[in-house]
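Residue numbers 8 to 324, in this note's numbering, belong to the letters of the sequence shown in order. Ideal Cβ positions, reconstructed from N, Cα and C, are used throughout, including at glycine. Computed from a predicted structure; not experimentally measured.
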Amino acid sequence: MDLAQTLPPGTPLGDALERRPRLLVVDDQPVNVQLLYRVFASDHQVFAATDGLKALEIARQQQPDLILLDVVMPGLDGFEVCQRLQADELTHDIPVIFLTANSDPDSEAHGLDVGAVDFIGKPFNTKVVRARVKTHLTLKRQGDLLRRWVFLDGLTGIANRRHFDERLAIEWARSQRSGAPLSALLIDVDHFKRFNDTHGHQNGDDCVRRVAAALASGLQRPTDLVARYGGEEFVCLLTDTDEYGALHLAELLRQRVHQETQPGVTGAAWPAVTVSIGVGCARLDLMHGADDLLREADHNLYRAKKAGRNSVRAGVA
Numbered sequence: 008m009d010l011a012q013t014l015p016p017g018t019p020l021g022d023a024l025e026r027r028p029r030l031l032v033v034d035d036q037p038v039n040v041q042l043l044y045r046v047f048a049s050d051h052q053v054f055a056a057t058d059g060l061k062a063l064e065i066a067r068q069q070q071p072d073l074i075l076l077d078v079v080m081p082g083l084d085g086f087e088v089c090q091r092l093q094a095d096e097l098t099h100d101i102p103v104i105f106l107t108a109n110s111d112p113d114s115e116a117h118g119l120d121v122g123a124v125d126f127i128g129k130p131f132n133t134k135v136v137r138a139r140v141k142t143h144l145t146l147k148r149q150g151d152l153l154r155r156w157v158f159l160d161g162l163t164g165i166a167n168r169r170h171f172d173e174r175l176a177i178e179w180a181r182s183q184r185s186g187a188p189l190s191a192l193l194i195d196v197d198h199f200k201r202f203n204d205t206h207g208h209q210n211g212d213d214c215v216r217r218v219a220a221a222l223a224s225g226l227q228r229p230t231d232l233v234a235r236y237g238g239e240e241f242v243c244l245l246t247d248t249d250e251y252g253a254l255h256l257a258e259l260l261r262q263r264v265h266q267e268t269q270p271g272v273t274g275a276a277w278p279a280v281t282v283s284i285g286v287g288c289a290r291l292d293l294m295h296g297a298d299d300l301l302r303e304a305d306h307n308l309y310r311a312k313k314a315g316r317n318s319v320r321a322g323v324a
């Protein structure tokens, strides 16, 4: 049985499986990029880079499903790019197919050692490229489903607490190394006990699912993560996001949840719900660990509720 068939309909992971696969084409020769774009553009979302550093940036931001990577490039060559992709927690599961005019056994062995899944010789046959890409995308999809199933919340289809905790540790360490901003949002459905008492637990579960879907669809970048934190509480992890950006997104999410849970949208008999949101922003000079980031978000969530709920609070107060 396909694991995708067991996902709750309308969940973020289930919706992600329906989108076009994302390919990143990396080659310093524009003619090769253009050719591969024509081959795949009709049924894939294609990104392109002509150097290794740009390829690493796009891979991290866009999270492609597969990378077609030239070996010989100025600056970072394909082998070095592949090694860096493998070393990054956000990109090490992306399969890499090398495109190369050098097909000697030593080069192929080195490419496999640094993490590539396949080699295609230049000049390449477009039918062969399509067939190889299809095979590795199928394998990637199956692997993603198995990995995500472990980190999936069964009710909502978004990430669970375990996944969030692992990502938080990774992103906190990265933020400490690079000085990049990192923010978190703690989100709680207002008056949820009253909702359950009035409308029943089945409608309560439906409400939690709809709030999760609204939050997931409101995130703006593939590197942002929303997870179910427990009960009717959610958490968002926002990489490379300062307090201003986190506050802005939190307000958009607050509005989106209210809009997406309107009876006219859901068809449900229960009224629209609201959420309160607390913002935490990494302050590396003041915080000793990732728990301090969550404590700040939790403190601001308390402030939002104390202010009357259906609101957002940030800052140190």
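### Query
Thinking C-alpha only, which one of Leu254, Thr248, Asp212 and Pro229 is nearest Glu240?
Each of Leu254, Thr248, Asp212 and Pro229 was checked against the Cα of Glu240, and the nearest Cα belongs to Asp212.
### Query
Could one say the Cβ of Val78 lies closer than 8 angstroms to chain C's Cβ atoms, at least one of them?
Absent from the structure is chain C; it holds one protein chain and no more.
### Task
Drop a sphere of 10 angstroms on the beta-carbon of Val135, count the other beta-carbons inside from all chains shown, and report buried for 16 or more, exposed for fewer.
Val135 is exposed by the Cβ-count criterion.
### Query
Grouping DSSP H, G and I as helix and E and B as strand, with all else coil, what is Arg29?
In the three-state scheme derived from DSSP, where H, G and I count as helix and E and B as strand, Arg29 is classed as strand.
### Message
Starting from Gln52, trace the beta strand (DSSP E) in both directions and tell me its first and last residue.
### Response
Going by DSSP, Gln52 is part of the beta strand (DSSP E) stretching over Gln52 to Ala56.
#### Entry: Minimum C-alpha distance to Phe47 - residue among Leu76, Arg27 and Asp111
Looking at the Cα atoms, Arg27 is the closest of the given residues.
### Paired residues, beta bridge with Gly287 - DSSP
As a beta-bridge residue in DSSP terms, Gly287 pairs with Ala191.
### Where the alpha helix (DSSP H) through Thr142 begins and ends
From DSSP, the alpha helix (DSSP H) with Thr142 extends over Thr133 to Val157.
### Query
Within the chosen definition, does the segment 177-197 reach the segment 98-108 through at least 3 CB pairs nearer than 8 angstroms?
Contact between the segment 177-197 and the segment 98-108 is absent: fewer than 3 CB-CB pairs across the two stretches fall below 8 angstroms.
#### Entry: Among Ala289, Ile74 and Val323, the one whose alpha carbon lies nearest that of Asp247
When only C-alpha atoms are compared, the closest one is Ala289.
### Message
Please report the straight-line C-alpha distance between Pro278 and Ala220, rounded to a whole angstrom.
### Response
Pro278 and Ala220 have their C-alpha atoms roughly 17 angstroms apart.
### Three or more C-beta pairs below 8 angstroms linking the segment 51-66 and the segment 26-42
Yes, since at least three Cβ pairs between the segment 51-66 and the segment 26-42 fall closer than 8 angstroms, the two stretches touch.
### Task
Can you say whether Asn81 is buried or exposed, counting buried as having 16 or more other CB atoms within 10 angstroms of its CB?
According to the sequence provided, residue 81 is Pro. The question's Asn does not apply to it. The residue is exposed, with fewer than 16 neighbouring Cβ atoms inside 10 Å.
### Query
Which whole-angstrom value describes the C-beta separation of Leu162 and Val215, a residue pair presumed to lie in contact below a C-beta threshold of 8 angstroms?
Yes, they are in contact, since the Cβ atoms of Leu162 and Val215 sit about 6 angstroms apart, within 8 angstroms.
### Task
Give a yes or no on whether the C-beta atoms belonging to Thr281 and His295 are separated by under 8 angstroms.
One thing to note: Thr281 has its Cβ no nearer than 8 angstroms to the Cβ of His295.
### Task
Give the DSSP-derived three-state secondary structure of Ala311 in the structure shown.
In this structure, Ala311 counts as helix in the three-state DSSP scheme.
### Task
Inspect the CB distances between the segment 112-121 and the segment 146-160 and report whether three or more fall short of 8 angstroms.
Three or more beta-carbon pairs separated by less than 8 angstroms are not found between the segment 112-121 and the segment 146-160, which leaves the two stretches without contact.
#### Entry: Three-state class that DSSP yields for Val242 in the structure shown
Correct three-state label for Val242: strand.
### Task
In the DSSP assignment, find the alpha helix (DSSP H) that holds Arg316 and state where it starts and stops.
Here Arg316 belongs to no alpha helix (DSSP H), and DSSP marks it neither H nor E.
### Task
Would you kindly work out how many angstroms separate the C-alpha atoms of Lys312 and Ser283, rounded to a whole number?
For Lys312 and Ser283, the distance between alpha carbons rounds to 6 angstroms.
### Message
Is the separation between the beta-carbon of Ile127 and that of Ala234 shorter than 8 angstroms?
### Response
Not closer than 8 angstroms, so no.
#### Entry: Proximity to Val103 [Cα-Cα], best of Val88, Asp111 and Leu97
Answer by Cα proximity: Val88.
### Asp305 - DSSP class collapsed to helix/strand/coil
Reduced to three states, the DSSP call for Asp305 is helix.
### Query
Where do the N-terminal and C-terminal ends of the beta strand (DSSP E) with Arg235 fall, by residue?
From DSSP, the beta strand (DSSP E) with Arg235 extends over Leu232 to Gly237.
#### Entry: Counterpart residues of Thr107 in DSSP-defined beta bridges
In DSSP, Thr107 forms a bridge with Gly128.
### Query
Does the beta-carbon of Ala321 have 16 or more other beta-carbons within 10 angstroms, so that it is buried, or is it exposed?
Under this definition Ala321 is a buried residue.
### Query
With DSSP run on the structure shown, which of helix, strand or coil describes Asp212?
Taken through DSSP and simplified to helix, strand or coil, Asp212 comes out as helix.
### Task
Less than 8 angstroms between the CB atoms is what I'm expecting for Val242 and Ile194, so what's the real figure, rounded?
With 8 angstroms as the limit, Val242 and Ile194 qualify as a contact, their Cβ atoms being about 7 angstroms apart.
### Task
Pull up the DSSP beta-bridge partners for Glu72, would you.
A small correction: the amino acid at residue 72 is Asp; Glu does not occupy that position in the sequence shown. Answer is none; Asp72 lacks a bridge partner.
### Message
For a quick check, are the C-beta atoms of Gln52 and Thr230 less than 8 angstroms apart?
### Response
Cβ atoms of Gln52 and Thr230: not closer than 8 angstroms.
### Query
Tell me the DSSP bridge mates of Asp77?
Under DSSP, Asp77 forms a beta bridge with Leu106.
### Task
Between the Cα of Asp197 and those of Gly287, His208, Val218 and Arg29, spot the shortest distance and give me the residue it belongs to.
Distances from the CA of Asp197 to each of Gly287, His208, Val218 and Arg29 were compared; the closest alpha carbon is that of Val218.
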